[in-house]
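Enquirer: One gets the working numbering by counting positions in the sequence shown from 1 and adding 8 to each.
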Amino acid sequence: MSIRTPHSVLSFPASRIGVILDKTGVRIAALLLLLTTLALLPLYRASAQNAEAPTSDLIKSLNETKFDLNLRYRFESVDDDGFAKDANASTLRTTAGLTTGKFHDFFTRLQVQDVREVGLDDFDDGTGRNPVRAQYPLVADPEETDLLEAYLGFTGFANTTMKVGRQIVTYREAPNHRFIGTVLWRQNWQNHDAFTLVNTSLANTTFSYAYSWNVNRIFTDEAVNRVRANFDSNSHFLNIEYKGLPYGVLEGYTYLLDFDNSPATSSSTFGVRFSGNTAMSAAPNAKIIYALEYARQDDYADNPLNFDEYYFLGEIGAAFVPGHGVDSFTIKFDYELLTGNGAASFNTPLATLHVYQGWADRFLTTPVNGLQDIYVTGGAVFKGVNLSLSYHDFSSDRLDYDYGTEFDAQATKALNKNFTVGLKYATYDADPDLPNVGATALDVDKFWAWVQFVY
Numbered sequence: 009m010s011i012r013t014p015h016s017v018l019s020f021p022a023s024r025i026g027v028i029l030d031k032t033g034v035r036i037a038a039l040l041l042l043l044t045t046l047a048l049l050p051l052y053r054a055s056a057q058n059a060e061a062p063t064s065d066l067i068k069s070l071n072e073t074k075f076d077l078n079l080r081y082r083f084e085s086v087d088d089d090g091f092a093k094d095a096n097a098s099t100l101r102t103t104a105g106l107t108t109g110k111f112h113d114f115f116t117r118l119q120v121q122d123v124r125e126v127g128l129d130d131f132d133d134g135t136g137r138n139p140v141r142a143q144y145p146l147v148a149d150p151e152e153t154d155l156l157e158a159y160l161g162f163t164g165f166a167n168t169t170m171k172v173g174r175q176i177v178t179y180r181e182a183p184n185h186r187f188i189g190t191v192l193w194r195q196n197w198q199n200h201d202a203f204t205l206v207n208t209s210l211a212n213t214t215f216s217y218a219y220s221w222n223v224n225r226i227f228t229d230e231a232v233n234r235v236r237a238n239f240d241s242n243s244h245f246l247n248i249e250y251k252g253l254p255y256g257v258l259e260g261y262t263y264l265l266d267f268d269n270s271p272a273t274s275s276s277t278f279g280v281r282f283s284g285n286t287a288m289s290a291a292p293n294a295k296i297i298y299a300l301e302y303a304r305q306d307d308y309a310d311n312p313l314n315f316d317e318y319y320f321l322g323e324i325g326a327a328f329v330p331g332h333g334v335d336s337f338t339i340k341f342d343y344e345l346l347t348g349n350g351a352a353s354f355n356t357p358l359a360t361l362h363v364y365q366g367w368a369d370r371f372l373t374t375p376v377n378g379l380q381d382i383y384v385t386g387g388a389v390f391k392g393v394n395l396s397l398s399y400h401d402f403s404s405d406r407l408d409y410d411y412g413t414e415f416d417a418q419a420t421k422a423l424n425k426n427f428t429v430g431l432k433y434a435t436y437d438a439d440p441d442l443p444n445v446g447a448t449a450l451d452v453d454k455f456w457a458w459v460q461f462v463y
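1) I need the straight-line Cα distance from residue 195 to residue 224, nearest angstrom please.
2) Whole angstroms are fine: how far does the CA of residue 376 sit from the CA of residue 370?
3) Smallest Cα separation from residue 378: which of 184, 361, 354?
4) Look up residue 361 in the DSSP assignment and say whether it is helix, strand or coil.
5) Counting only the same chain and skipping the five closest in sequence on each side, list residues whose C-beta sits under 6 Å from that of residue 386.
6) Considering Cα atoms alone, identify which of 65, 80, 67 is closest to residue 430.
7) With DSSP as the reference, label residue 448 as helix, strand or coil.
8) Based on Cα-Cα distance, which residue from 116, 455, 101 lies nearest to residue 73?
9) So does the stretch 277-286 actually touch the stretch 255-262, counting three or more Cβ pairs closer than 8 Å?
10) Let me make sure I understand the geometry here. Which of 428, 364, 418, 439 has the alpha-carbon closest to that of residue 183?
11) How should residue 84 be labelled, buried or exposed, when 16 other C-beta atoms within 10 angstroms of its C-beta is the threshold for buried?
12) For the stretch 120-132 and the stretch 93-108, state whether three or more C-beta atom pairs, one from each stretch, are separated by less than 8 Å.
13) Mark residue 409 as exposed unless 16 or more other C-beta atoms lie within 10 angstroms of its C-beta, in which case mark it buried.
14) Distance check for residue 304 and residue 274, CA to CA, integer angstroms please.
15) Where does residue 56 land, buried or exposed, given buried means 16+ other C-beta within 10 angstroms?
16) To the nearest angstrom, report how far apart residue 271 and residue 243 are at their CA atoms.
17) When we look at the beta-carbon of residue 464 and count the other beta-carbons within 10 Å, is it buried (16 or more) or exposed?
18) Between the C-alpha atoms of residue 453 and residue 174, what's the straight-line distance to the nearest angstrom?
Written out as structure tokens, the structure is:
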């Protein structure tokens with residue numbers, strides 16, 4: 009078992025921390041001591057003035073502490089034409105956390121994440137630590153025990169929340185993290201060693217800023233390739249969301265990604281998005297869904313490449329309640345474009361990429377000739393079962409050739425407030441004609457079955 013050293017919180021180089029905190033138990037104890045000391049500083053100051061009030065505040069904080077537990081068992085099977093053998097993975101993800109109540113406007117959050125193989129392990133976990141597994145397709149769920157969250161929060165300024173330490177940084181509702189996300193489909197989640205600030209002083213406006221100095225990636229510190237383990241970051245995120253318009257939400261954002269150990273991944277992105285829904289007067293149980301988004305991306309910091317690419321999304325759809333056992337039905341038509349110049353392309357390396365360009369994950373990195381994705385998605389809730397179907401047609405932006413098509417299907421059902429079960433399938437049918445080469449020219453089929461417990 010290994011736990012990533014929370015060097016973001018301690019503000020020491022990772023190499024030094026690795027020497028000082030060599031054992032898992034010592035690491036956790038040191039982190040708890042640090043956060044507890046910081047949180048109790050106001051108590052120490054106040055105790056000289058009033059011996060009873062701080063004690064009462066502390067008891068209130070302890071009473072408001074919340075605990076959470078999440079277990080997700082999943083079976084995943086991958087049949088990839090690029091491999092002679094199929095992958096079969098059986099894994100269990102467990103997270104346990106606590107969030108303290110506020111004490112003189114301070115609070116803390118701790119969450120441990122553990123991923124274990126349960127029986128079947130015929131898959132490449134992406135870490136490179138077992139070369140024998142390279143004969144199998146990738147299932148990026150390596151075994152590790154880690155600190156997913158470990159931060160100190162402060163709410164002492166009006167309408168403002170600040171956090172420092174290891175934390176989850178996302179924008180927009182899960183799982184639609186187009187630029188900054190957790191990769192929440194995988195068993196190990198991406199997180200940041202960062203400082204974040206959220207302010208809601210202006211009416212209908214949420215201002216979010218983050219400075220990330222380390223990105224803990226889904227391949228964990230067990231990855232032989234250190235870039236797969238972490239991005240050594242000097243990155244700034246700015247996101248402003250305005251909900252005061254009658255027909256939707258306006259969002260503007262700037263993401264400046266600067267990775268010292270992966271300079272070719274560094275980029276600056278500036279974008280704007282408008283999305284919403286409007287009731288249909290002719291059909292009171294129906295509404296129109298729409299979204300438009302545009303972003304520009306350039307090379308940034310020490311990126312050796314020279315590029316200026318853009319992103320576009322157009323979406324139109326409808327949602328209604330048909331009745332007769334169908335609680336809701338939604339259909340959406342989307343066009344998504346990520347341009348490329350033949351040497352570089354528009355990429356979103358910190359996104360929850362599984363949600364975009366098909367669940368078969370053939371386009372986790374945008375091809376250098378860019379990507380056009382025309383897709384239709386249908387969803388329904390029938391007798392408590394959530395159903396989703398989608399069809400994608402992929403082609404290049406530059407040179408105008410086909411990559412392939414994909415069909416995705418999913419069914420989930422909440423058995424009660426704690427348990428959810430799900431089935432999911434994705435099949436990518438490649439167009440093998442030149443100039444389509446590499447993984448996008450190979451067929452792949454994936455199947456998942458899972459059960460999740462949340463407390």
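Cβ coordinates follow ideal geometry from the N, Cα and C atoms, glycine included. On a predicted model such as this, the values are computed, not experimentally measured, just so you know.
Expert: On the basis of the data shown:
1) Working through the sequence shown from its first residue, we reach residue 195 at position 187. Working through the sequence shown from its first residue, we reach residue 224 at position 216. Each residue's Cα considered, the two are about 14 Å apart.
2) Position 362 of the sequence shown holds residue 370. Position 368 of the sequence shown holds residue 376. Looking at the two C-alpha atoms, the distance is approximately 14 Å.
3) Taking the sequence shown and counting its residues from 1, one reaches residue 378 at position 370. The option with the nearest alpha carbon to residue 378 is 354.
4) Here residue 361 is taken as the residue at index 353 of the sequence shown, counted from 1. If DSSP states are grouped into helix, strand and coil, residue 361 belongs with the helices.
5) As a position in the sequence shown, residue 386 is number 378, starting the count at 1. Once the five neighbours on either side are set aside, the close Cβ partners of residue 386 are 339, 397.
6) One-based indexing of the sequence shown puts residue 430 at position 422. Comparing Cα-Cα distances from residue 430 to each of 65, 80, 67, the minimum goes to 80.
7) As a working mapping, residue 448 is identified with position 440 in the sequence shown. Helix, per DSSP.
8) Taking the first residue of the sequence shown as position 1, residue 73 is located at position 65. The shortest Cα separation from residue 73 among 116, 455, 101 belongs to 116.
9) yes
10) Sequence index remark: in the sequence shown, residue 183 carries index 175 (1-based). When only C-alpha atoms are compared, the closest one is 364.
11) Along the sequence shown, one-based indexing puts residue 84 at 76. Classification of residue 84: buried, given that the 10 Å Cβ count is 16 or more.
12) yes
13) For the purposes of this step, residue 409 is taken as residue 401 along the sequence shown, with counting starting at 1. Classification of residue 409: exposed, given that the 10 Å Cβ count is below 16.
14) Indexing the sequence shown from 1 puts residue 274 at position 266. Indexing the sequence shown from 1 puts residue 304 at position 296. One C-alpha to the other measures close to 14 Å.
15) For the purposes of this step, residue 56 is taken as residue 48 along the sequence shown, with counting starting at 1. Residue placement at residue 56 is flagged as unreliable, the pLDDT there being 45, under the threshold of 50; the coordinate-derived value follows with that caveat. Classification for residue 56: exposed.
16) In the sequence shown, residue 271 corresponds to position 263, counting from 1. In the sequence shown, residue 243 corresponds to position 235, counting from 1. For residue 271 and residue 243, the distance between alpha carbons rounds to 12 Å.
17) Nothing in the structure corresponds to residue 464, since the chain is present only between 9 and 463.
18) Residue numbering aside, residue 453 sits at position 445 when the sequence shown is read from its first letter. Residue numbering aside, residue 174 sits at position 166 when the sequence shown is read from its first letter. Answer to the nearest angstrom: the Cα atoms are 35 Å apart.
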